[in-house]
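Which chain is which? The protein sequence lines are A and B, in order.
Using my numbering, you'd call the opening residue of the first sequence number 369 and step up by one each time.
Using my numbering, you'd call the opening residue of the second sequence number 1401 and step up by one each time.
Ideal Cβ placement from N, Cα and C applies to all residues, glycine included.
This one's a predicted model, so the numbers in the text were calculated from it and none came from an experiment.
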Amino acid sequence: MSKATDVEFFIIEAIRGIGRSPLMSFVAIGIVTVTLTIFGFFLLGVVNLGNVVSGMAAKLDLTCYVDRDLAPRDAAELQLKLSKMEGVEKVTYYSKDDSWKSFKQDYSGKLELSEVVSDNPLPNTFAVKVRNPEVLPQVAKNISQMSEIDEVRYSGKLLGQVKHFVDVIRLAGFVFVLLLFFATLLIVVNTIRLTVLARETDIYIMKLVGATGSFIRWPFVIEGILIGVAGGILAVVLLRGSYDALAFKIASAFPFLPVVSDAFLLNFIFISVALCGTVLGMIGGYISVSRLIKNA
Amino acid sequence: MIELKDVSKVFQNGVEALLNINLHIGREEFVFLVGPSGAGKTTLMKLLYREESPSIGEVIVDRIKVNEIKEEQIPFLRRNIGVVFQDYKLLLRRTVYENVAFALQVTGAPRSQIRRLTMQALELVGMVKRAKSFPNELSGGEKQKTCIARAIVNNPPILLADEPTGNLDPQTSWDIMELLDKINRRKTTVLVSTHNKNIVDGMKKRVVAIEGGRITRDQQLGMYSQQ
């Protein structure tokens, strides 16, 4: 048995299959394109939502207070020590005098501070930015154990809420993507089934002349793959064009919203959508013809 | 070559298609299976290529217990049995050549062999000139010849023909029967189901009559009706 002849036969049969019912194949490609485009938009939506939430979380940082007076040299040493801690990205120092000056400037004319307090009541402050919002509590704990620091503050409750929101979005996104994947699979299976049903007699005759199940199946699986690949490529073209246009509009209208524009991540999503098309087509072809082989 | 031992077939709806059939057909024999419509001829043939399984009994084809083989072995059984149908069952979007070659392609035969054997089969049935025609361009007789070519292209030891002349005029029916006789002379066992009296009477072959699912007569050099 010549394998090369078989493969050639399968591919020719698959192409002939598409050519034999062009309208049906066109409809199948169209449906795959539409469902994959929706699927792709949803993926992009989930990624962007995650990006917005992560952006919010990234803005949360720690504030450390030192009540006693700090000589500039001691402050610089402490700043260096803090910035070398694990999970810390950046440390900015505001001396109590700077803070007092800026405070007085902010409230000049509104409040006569000398009537209320005679001395500068503000502490020296270190603003600590962490690399990842998830390490915030641990960094805060580590800093609060330092003897030089009197107090550490961060929005623990807000962070907790943001983290919870990110988790819910991720889980809901995952479940939705999974559901959408199966819905797409169902549509693809039934669409390819229409093209397969038109060839029920072919399958019956193939069985009668002694074709094995896998021999009958392959051309249909390849046909499914071709439909899936075509639908996947069209969906990526649609997604790319409309995402670029939409991202530009959102960025102009809401500049504070961080729209995902990372080429690597976007390409990964686009390639995933195209691959999804291929896999869906393959599984669709397989399931459709397998049912028919049993019944023919 | 073909043996049925105490075979009965009762369908799920309760219809008794075959009852206690015992039949032996030797190698290279030519046998007519006669009887009215609904007598069980087609069911008996389907048991031989495992399109149906017997409710009880044993079906043996070329030393293989057909009713016992596994699902995945059925294709290999069918490669040893050529089947000819009353309604031809040709693939309408393929040419005569492609229809015949198809039976070899599904067995994974190399291209050179497919070409050689297909042309041989077409030559045997006299369809070489129509090789590039599509089924809807053929007469009934030509369609049946194509169907026969497809059934014998991989040289099976057994040929089953289920009412092969059912849709043909008398002259074409004779042509088809002569073709089946020619195939039989090439050492192929042939089983033909028919209710064409003239042909059965004219061919003078072994006749197995079946009625109401039972074999009522088994006669060498028999006629359509009991003499």
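> With 16 as the cutoff for other CB atoms within 10 Å, does Gln529(A) come out buried or exposed?
Replying inline: exposed
> Skipping 5 residues on each side, what residues in its chain have a beta carbon closer than 6 Å to that of Thr559(A)?
Replying inline: Ala396 and Ile399
>> Taking contact to mean 3 or more Cβ pairs, one atom from each stretch, closer than 8 Å, check whether the stretch 1531-1545 of chain B and the stretch 1484-1499 of chain B are in contact.
In response: yes
>> Output needed in chain order: residues of the stretch 1446-1461 of chain B with a Cβ under 7 Å from some Cβ in chain A.
In response: none
> Residues bridged to Lys458(A) by DSSP?
Replying inline: Lys497(A)
> Given a threshold of 16 other Cβ atoms within 10 Å of its Cβ, counted over all protein chains shown, does Glu1456(B) qualify as buried or as exposed?
Replying inline: This sequence places Ile at residue 1456(B); Glu is not what is there. Ile1456(B) is exposed by the Cβ-count criterion.
> Using 8 Å as the Cβ pair cut-off and three pairs as the minimum, do the stretch 1597-1611 of chain B and the stretch 1620-1627 of chain B touch?
Replying inline: yes
>> Beta-carbon within less than 7 Å of Leu547(A)'s beta-carbon, same chain only, minus the 5 sequence neighbours each way: which residues are those?
In response: none
> Beta-carbon separation of Leu417(A) and Ile555(A) under 7 Å?
Replying inline: no
> What are the start and end residues of each continuous alpha helix (DSSP H) run of 4 or more residues lying completely inside the stretch 500-582 of chain A, in chain order?
Replying inline: 504-512, 524-565 and 568-576
> If we ignore side chains and look at the alpha-carbon of each, how far apart do Val628(A) and Leu412(A) end up?
Replying inline: 8 Å
>> Can you tell me whether Phe1411(B) is helix, strand or coil according to DSSP?
In response: coil
> Near Leu438(A), what residues of its chain come up, given a Cβ to Cβ distance below 6 Å and the 5 sequence neighbours on each side ignored?
Replying inline: Asn492
>> Once the 5 residues before and after Leu514(A) are set aside, which same chain residues still bring their CB inside 6 Å of it?
In response: The sequence shown places Met at residue 514(A), not Leu. Counting only Cβ-Cβ distances below 6 Å, and skipping sequence neighbours, we find nothing.
> In the DSSP assignment, what residue or residues form a beta bridge with Gln1619(B)?
Replying inline: Val1607(B)
> Hey, does Val657(A) have any beta-carbon neighbour from chain B nearer than 7 Å?
Replying inline: no
>> My output table needs one value for Phe736(A): the three-state DSSP class, helix, strand or coil.
In response: What the structure shows of chain A is the stretch from 369 to 664, and residue 736(A) is not part of that stretch, so it cannot be assessed.
>> At the level of alpha carbons, what is the spacing between Met369(A) and Val589(A)?
In response: At Met369(A) the pLDDT is 42, less than 50, meaning the model places this residue with poor confidence; the figure from the coordinates comes in the next sentence. Computed Cα separation, rounded: 21 Å.
>> Which residue marks the beginning of the alpha helix (DSSP H) containing Ile1583(B), and which one marks its end?
In response: Pro1570 to Arg1585
>> Check whether chain B comes within 7 Å of Ser370(A), counting only Cβ atoms and requiring the distance to be less than that.
In response: Because the pLDDT at Ser370(A) is just 44, under 50, the model does not fix this residue reliably, and the value given afterwards should be weighed accordingly. Yes, its Cβ sits closer than 7 Å to a Cβ of chain B.
> Can you give the Cα-Cα distance for Asp518(A) and Pro501(A), rounded to whole angstroms?
Replying inline: 23 Å
>> When you compare the CB positions of Val604(A) and Thr646(A), do they come within less than 7 Å of one another, or not?
In response: no
>> Three or more C-beta pairs under 8 Å: does that hold for the stretch 1609-1619 of chain B against the stretch 1426-1444 of chain B?
In response: yes
> chain A partners of Leu1491(B), CB-CB under 8 Å?
Replying inline: Thr569, Asp570 and Ile573
>> Tell me the rounded alpha-carbon separation between Val496(A) and Tyr433(A).
In response: 11 Å
> What are the residues that DSSP puts in a beta bridge with Ala1561(B)?
Replying inline: Val1484(B) and Val1592(B)
> Distance, Cα to Cα, Leu404(A) vs Asn1554(B)?
Replying inline: 45 Å
> Going by alpha carbons, who is nearest to Tyr522(A) out of Val545(A), Thr563(A), Asn510(A) and Asp429(A)?
Replying inline: Asp429(A)
>> Helix, strand or coil, according to DSSP, for Arg1511(B) in the structure here?
In response: helix
> If Gly1435(B) and Ala1609(B) are in contact, beta carbons under 8 Å, what's the gap, nearest whole angstrom?
Replying inline: 6 Å
> DSSP state of Gly1612(B), grouped into three classes?
Replying inline: coil
>> On the DSSP letters alone, give me the boundaries of the alpha helix (DSSP H) that Phe1502(B) sits inside.
In response: Val1496 to Gln1505
> With 16 as the cutoff for other CB atoms within 10 Å, does Asp570(A) come out buried or exposed?
Replying inline: buried
> Using a C-beta to C-beta distance shorter than 8 Å, which residues of chain B count as neighbours of Arg388(A)?
Replying inline: Arg1493
> In the structure shown, what three-state DSSP assignment does Ile1464(B) receive?
Replying inline: strand
> Can you find at least 3 beta carbon pairs, one from the stretch 1513-1521 of chain B and one from the stretch 1573-1582 of chain B, that sit closer than 8 Å?
Replying inline: no
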